[in-house]
Each structure stands twice: as structure tokens, then as C-alpha cells.
Amino acid sequence: MESNSSSSSSAPLHKSRVRVHTILPTRSLLLFFFLFFCINFTNTASHSITQSSDSETLYSKHCNDVVPKSDADPTRWFVTNLSILDIGFRNGYFTGGDQLFKQNLKTSEVDDLKTLSFVPSDVGKTLTEGVFKVRATLHLRDYSIFHNSTRRNLRLVYFRGPRSHFRKGLLNFRLDGYYSESSKKLCMVGNGGSGNLRPLSVVLNLNYPQSSSIYDSLITGTLESLSDKHDGDYFEPLLMLGLYQSSSYEYKLAGKDSENGCLRGDDREENLGVGKSKHGLCMLLGNLHESFELEYGSDCGSVNCNPLGGNAGYVSSFVYYGTRCADGRKMQMLLGFPNSSYYGIKFPFDPHTTFITEGAWDEKENRLCAVACRILNFTESLTNAFVGDCSTKFSLRLPTRLSLWNRSTVVGEMWSIKEVNDSGYFTKIGFHTLSGWLMKLLDFQYEYSENDDMRKTCAEKKAGRGKGKIYPDEFSVDMKFGMTVRNSKGQQASGYSSPLFVDDERVYGRRFWDKSPQTESSMQLNQSHTHSSLMNVSYKLFFISGFGFRHDVFPSKAELSAEGIYDRDYGNLCMIGCRHVPVKNQTLIKQDMLDCAIKIIVQFSPLDTKDGQNVKGTIESTRGKLDPLYFEPIEFSSNSIYTSQAAASISRIDFEISMVLISNTLACVFVGLQLLFVKKHPDVLPFVSIVMLIVLSLGYMIPLLVNFEALFVPNKHHSQQDTFLGTGGWLQVNEVIVRVLMMVALLLQLRLLQLTWSSRQGHGNQKSLRDSERKVLYATLPLYIAGALIVWFVNLRKNAYQRSHRPFQRPHRMAYRVSTLHHLAYQQHSLWEDLSSYAGLVLDGFLLPQILFNLFFNSGEKALACAFYFGTTIIRLLPHAYDLYRAQTGTWFLDLSYIYANHKMDFYSTAWNIIIPCGGLLFAAIIFLQQRFGGRFILPKRFRQTSVYEKVPVISNEEL
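Read in order, the letters of the sequence shown correspond to residues 22 to 981 in the numbering used here.
See the structure below:
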């Protein structure tokens, strides 16, 4: 009876009174996009024409006397014998431009690295023979911007200078001009700068050598401002120096001094020959970019040992960079001796510290013999620089065998052929490095030391608790891990550890998809591997202490070589290690000063572990505490995941991608079903809560607005996540698809909202409907605001607690830094993320406004289709059920790649995953009962509306 009364209290909706406005956006949108395209195309074309006209005018004014301009030859534009490589260069140096770079620090302790590169993009013929039109980009970088800082309390505080074009130490100029093949000159004009700041107009002049050889290897030039001297954009001319990379290079010194000028017979070790290698010299060393450690002899106190000469002090390393290779044996390379400010990003092409070297491979001695020349006469002006003083000899070889004491894949010597009393003389200096590139390509062998004592020591360390579990295989990439190192004070440093050899097989550089070569020796090794769980292994451990880690014995960059025994039945790795002893007095430097009294214990976790640390270990000194080389034990741990865990994570990601796509597709379907329902029953439209539709629309709109750039601009954070997961761009493609589906669902929701709003206009109960909707807004809005305030307060408390228990900060980005998975997962709670989760909770209860509307209006109309409210509820609740399952079967690292049931989009925990589904199902059940028994059936009978309106017959005039 009450049901009938409630129904009758709401007057039926006549079709003649319903105003359903149809929105036809297609033509308007097409017209809008067409006009936008036309306007944008017109602006772009006019801008290009204006820019081209300005460029031609500037060239005629500033460059025409250097290389007269000429019209392009349309018939032979791409037919040119001038290569882009002939005029471009990637190794360069510059001076000047202090106003441009705002370089006001005159008290720098070291000379900062300045680099430039000139990259042509187009070269075309003109109507004038020997004149070519060139388009190129000039890149300038001054690394001093990174040194303009001071450190305080483990943080970096930068001096904030005036706003300038040099915000990040990088300037780019887009240039157009002409190159003359006869005069070897290039003149270009253009503009550029940094970021979105006002572009600078410049003119570039480059002078190329007439020929190409080691003596003719330098390109000189200037970059000048076209602004007035009193203009704020004006800067003093930049002087530039570049390495000529012409393809017509002629070797002048390579191979001519190998008979009597290259050291030979001074080592008893066997060397690898590159002639028999399938890769060849050019692939092995032709493009090698490697840093070498220098080894000084004991006589450095009496004679000069610095290859740079003068009072430059001692250098600890140099950088090798191969620039060209020909005939499988001749090479040109650069040797750079940078200061401590070098970070290995780019070769430090500085005329003060760079040698231009030329050499050839000696097949008999299996070594590279080379001659190194200096860059001279550049102190007053770079335009006067030339190559000379080729008195430095250079020898390089590849030893066949590696060991605990010799981990270098490349060793060599350099020396001066001058007389002892001559200026610039230095005694022989050794150098070495462990090149991962060469380790992967060449067949090095490893000789293990006698480690019987180590076997006994490790056998005593075994624990029976590990027996019966499955641990990483010694040949798997699980043996390589990043690590966090902690000293006795709790300070942290970051590093990595990687195996080199397992017995006689090289594993260094192997990826998880690489297969071991099926050679006879490897087959024998695999057979022995199946019968014995003890395997000989050799390791490389490396960490950089940075600013938050101090140790009395280990220097800022610590590298240890180790070898020992791995027992896969217990997951135990026991090794002895060696380290180079840091000597503060450079005059006491001696060769092969190693401390091998180091014990390294590593314990791997089982493959099925759910712990946050897969590796734990210690580095201890076996010396007495009174020994000067003794150091306190160092602990390290790793959060690197195993390959099996990564595979499980990727499989889960594939499943979650499918679930996200299915969920968003079903959301569109359910809204479409609601639209079909109201089309068949238009009289129920006014009884749909507008507040509910607004909540649902905002639930789709806000993520679209926040992530709108994901449709067009790649996200840097996601690219890093994709790199970790090895998923490439698939996650980004999925994200675009999801956004498109969300946009479709939003349009459908807006259509439903528009129909509902239109149906209430002129309705007989318009005032009652408006009053009920207002009551719903008054009831829900304070509730939503109060919830947001609670979330904000909880966020403050969590962050305050986290800051008080925060570990030491990692080193600055300029130092070596390894972001372990633990660091990726350990981040402060963002207020925006917590509010996003709260918004997800509001969406989970999207039916609350409809329940309140039915209650206030006492509506019993079947306004919502069952498929809409029940299906949407299931879509919102399934992620919580899945999260419960995932928490039971997953591990700690999986939260780094949540796609479905993302913890940043809703509240997820054991409690929330029970409360939210129960609440959502309860709301759906209430809607079902309200549409069947009336909007106020949930209230006690005394609060329900009991008045009944009786229908009376209408009397016509005729009856009267």
C-alpha cells in the first residue's frame, strides 16, 4: 500500500512535458578542429617564411663576405660529395661567453669542463660550384653550473643568480649558412638558447683544415652575438676548438715506430690477439670509451711522473676514447687526463689535458703501439691552436688470464722519449682497467688461487636451516645485485656486485635471455655442476661512499675483487677479497699495493622468499685491530629481485592490464545500458540524482585532466618504471587506451547528466525535485569535505613520523647512485596521492546520493537500471577482492607496478578491502529495495510519509 502511495505521490511524467535536448557535437567538433588546423598551419607557415627571410637577411649582412650565399640547386640538392660527417664534430671545447653563462665564480679550485658539439642535419648543393647550403645545431655545455653549490647537512644548496639563458648548463642553437669547399670556411646565422627564454641571435664562423691528418686535426671558430653591446642578451665572443672528423683522414704516425719505439718483452704474460677474434680491432677498440687507473712507479719522488708536465700535480686516471679505425689495425684515439670534476658523461676534450693519439696494432706482439701528440699554442687564443710535441709513446695490450690480483682486461704503459732534463719529460706510467665491453666480447680465462682454507672456513659457516630450499643458480643473473652498504655508524652508500666467472666460464655481462655456449668445456662444466653444489666464483664489488658515508680505510670510490665458493644448497657465498690501499702521499705510490686480508660473506634468500631483502652480507678485515689496514665490519644488503620474481610480476602485469581494459569497457557498457533504459522509460529520468551523476562524471574527468599529457607526451616516471619492468612502451600504449575508454565513459555520463537535467525543466514536481536534490547536496558535501580534512590530517601525521625515522639521504645526482627497489618503494606519502585514494573511496560509494535522494523525495521509481547500479558497483568492488588475493600470493616488490587495484587510486588494506565491498553491496541492495518498496522503507514506520492522495474522476461540462 505504501508502495502505491509513494508512487502516486510522484506525478507521472507525460511525454508532452519532457524536454529531451539532443546534443550533436560531431559537426561542431569537426569544424572546430578544421579551423584550429588551418589557423595553426597558417601561423606555422608564416612563421617559417618570416624566419627564413630573417635568416637570409642576417646572412647577407654578417656572412656574405666569408662565403657568398648561393641559391640551392633543385636538380642536384641531394647529390653531394660533402658528407655531414666531414663538417660535423662531437668533441669540442670553448672559452669565453661569461655574460652568457653568468660565470662569476673566479675562485674555482679546478678548471670546469666545457664541451661543444656541432651536428649538421642537412647538406645540399647550390648553383655555385663548391658551395654547399648547411643546416645544423650547435650544442654548448658548461659543467661549472653543477659546481656552483655548497653542501650543508647532506643537502645541496644552490646559489640562485639572476635569471639567465644558462639555467641547466646547456645551450642549443639552430643555424643556417653556407660552406665553401675551396676556402674550407663555414659561416652560419641563427638563434637559440635554453628552455622557453627569449632566443639569442648569433653568427658562427668555423675554419676547417685543408687536409686531414694528426697534424691537421683541429677546427677553430667563433660564436658571436648579433645583439647590441648595451643589450642584456649580448655576450662576448666564444672561441671554439673541435676535432676534425673528415673521412679522408691520412695516418702519419701509425705503424711507423713499432719496430723500435714500442715497448716489448717487458712482460711475461700471454696477450690476446685481436686479429684472430671474430670482432676485429675496430669493433673492440675503435669506439671504446673507457676510464683507466694510473699506476706510478716508486721513482716518482725524484723525476716527473705527470704526463701533463709543469705543476699540474698527480692525476689518478685518464680517459680513452676511440675516434676512428681503418684497415682493421690503424686507429686514432683521444687520451684525456681530467681533474676530479669529470663524471664520465662525455669525453673531456680540453686542450690543456687532451692528447691526440695515432697507432697501429702489432700482430706479432699482440699490442697496440701508438704515438700521442699535444695541443699547443692555445693559451692566448684557441684560433691559434695546432697539434705538435709528439714525444709521448703509448702501448696497450689485452692479457689472456685474469686472477684475484689482476682483474684488468686492458693494461698498458705510456712514457716520454725526451731526455730526463728536458721540459715535459716523465717516466713510464702504467695503466689498467676492467672493461665490461671487452669482457663480453673476448675469451678471457680466470686463474683461481689456492683457497682450501677458505673452503674449510666456509664449511664451518653453514647453517642447516637453509637445506631443502631452492637458492639462485650460480650461472643465473640472480647472482648480480645492487647493494646498500652501511658502516658502523649506520651511514649508507650505494653500489653493485657482479660475478665475473663461475669456475672457468665467464658470466660477466650475461643477460637473462643469453644462453651459454654449448662448447665441450661448458658441457663438462654443466655435468660437474649437477653433481656438486660447491662452485668456484669470482666477483667484483663496487660502491661510492658519497656524502652520507664516511670510512677511515675505504676511499670515496671503493672497488674490491673477490673469489671464493658458492654453495647453492645453502645459498651461501664465502670469498676472500682484495682492495687497492689508498695512499695519501703520492710520492710513496708503488705498484700492486693490495690488501687481501678481507673476508666477504654473502647469504642469498630462497627464490620463493617474501622478504624485502634478497641478499645480506658483510665485509670484514681478518687483520688485528692494531693493524693500520684494519677496518670495522661493513654490512650490505640488496633489494634486487630474482628473475623468477620478475617473471611473476610481468605475468601479473599482463593480467592486470587486461583487467583494466575490461573494467573500463564494462563501465562504458553499463552507462550505455542506462541510456537505453531511460530511452525506453523517459518518465524515470527526473528521479535520477544529479549529485550522483556529477560524482561519477568527476571520477572520470579528474584522472583525464591530471593525466591528459599521457595521451601525447611520454611520462618520465613511467619510462623509468618501464625500464625496470622490461615492458618497453606497452604500459604507455595501455595507458592511452585506458584514457580513451575513460573519455568515452565520461561522454556517456555527461550525456546521461544532460538528459536528466533537461527532463526536470518544466516538470510538474520541479520544485520538489530541486528541494530534494539540494538536501542531498547539503548532506553529502559536508561529509565529503570532512573526509578530505581527515585524509589531510592523517597525511601530515604519516609524513611527520616518516621524516623522524628517515634514513640518510642518498648522494646527489652528480655522484654515483643506484636506486634500489627499496628506495623506489620508500617514498613520502604525497597529499595528492592520498586525496586521489580518498576520491576513489567516494566513487566506491557513488550510490549514496541516489539513496538520499530517494529518501528525501520518497521516490519509488525504478530510475536506475539494475545493470547500471549493480554492474558499476561490481566494477568498483572487484579491485578490492583482487587486492586481497594479491596480498596473499604476491611479494613486497609487486607494489612498484600496480596497474589494476592501484593503491594510489583508492584505499587498499585488509580492513578497507572488507569494509568497502560490504558497504558497496549494501548500497546496491538498498537501491534495489527502494525501487521496489519506496524510498523511505529503510526508516521506521512512524517516520514514513502516510498521507495518501485519492484519485477522483474528472467531471466534464456535458455531465454538468
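Just so you know, even glycine gets a beta-carbon here, dropped at the ideal spot from N, CA and C.
One alpha carbon belongs to Phe625, the other to Ser659, and they sit about 10 Å apart.
Taking the CA atoms as reference points, Pro900 sits about 7 Å from Tyr921. Its chain contains Asp107, Ser233 as the residues whose beta carbon lies nearer than 7 Å to that of Ser267, once the 5 sequence neighbours on both sides are disregarded; these appear in chain order. Around the beta carbon of Gly253, a 10 Å sphere encloses fewer than 16 other beta carbons of the protein chains shown; the residue is thus reported as exposed.
Taking a contact to require three or more Cβ pairs closer than 8 Å, the stretch 84-99 and the stretch 201-218 qualify as touching. Runs of the beta strand (DSSP E) spanning 3 or more residues and lying entirely within the stretch 214-296 occur at 221-228, 239-246, 259-264, in chain order.
Rounded to whole angstroms, the Cβ separation of Val340 and Pro328 is 13 Å, and the two are not in contact under 8 Å.
Between the alpha carbons of Asp927 and Ala618 lies a distance of about 54 Å.
When DSSP assignments are scanned along the stretch 660-724, the uninterrupted stretches of alpha helix (DSSP H) that are 4 or more residues long and fall wholly within it turn out to be 664-701. Each residue's CA atom was taken as its position, placing Leu225 and Gly198 some 9 Å apart. Residue environment for Leu148: exposed (fewer than 16 other C-beta atoms within 10 angstroms of its C-beta). For Glu656, the closest C-alpha among the options Lys510, Tyr587, Val392 is that of Lys510. Beta-bridge partners of Glu311 (DSSP): Tyr341. Sequence-distant Cβ neighbours of Tyr236 in its own chain, meaning closer than 7 Å and more than five residues away, are Lys273, Val408. Contact annotation: Asn816 and Leu852 have beta-carbon atoms nearer than 8 Å.
Pairing Thr505 with Gly592, the inter-Cα distance amounts to about 19 Å. Taking 8 Å as the cut-off, the beta carbon of Leu898 is found closer than this to the beta carbon of Gly941.
In the three-state reduction of the DSSP assignment, Gly451 falls in the strand class. Membership of Leu943 in the alpha helix (DSSP H) is indicated by the continuous run 933-954. Taking the Cβ atoms as the reference, Phe563 lies roughly 6 Å from Tyr517, within the contact range of under 8 Å.
Annotated three-state conformation of Phe877 is helix, per DSSP. For Gln770, the three-state secondary structure derived from DSSP is helix. For Cys84, there is no enclosing beta strand (DSSP E), as DSSP marks it with neither H nor E. Your pair Thr378 and Val392 checks out as a contact, with CB atoms roughly 7 Å apart and the cut at 8 Å. When Cβ pairs closer than 8 Å are counted between the two stretches, the stretch 443-460 is seen to touch the stretch 311-318, the count reaching three or more.
Going by beta carbons, Val712 and Pro870 fall inside the 8 Å limit. In the DSSP assignment, Phe891 falls within the alpha helix (DSSP H) that extends over 887-910. In this structure, Thr639 sits near Pro654, with a CB-CB distance shorter than 8 Å. Here Pro803 is exposed. Its C-beta has fewer than 16 other C-beta atoms within 10 Å. Taken through DSSP and simplified to helix, strand or coil, Cys326 comes out as coil. In terms of CA proximity to Pro372, Leu355 leads the group Leu355, Glu311, Lys501. The stretch 716-723 makes no contact with the stretch 783-800; the number of CB pairs closer than 8 Å stays below 3. In the DSSP assignment, Glu468 falls within the beta strand (DSSP E) that extends over 466-468. Taking a cut-off of 8 Å on C-beta distances, the stretch 427-434 does not touch the stretch 394-410, as fewer than three cross pairs fall below it. Secondary structure at Gln120: helix, using DSSP grouped into helix, strand and coil. Judged by DSSP secondary structure, Cys595 falls within the beta strand (DSSP E) whose first and last residues are 593-601.
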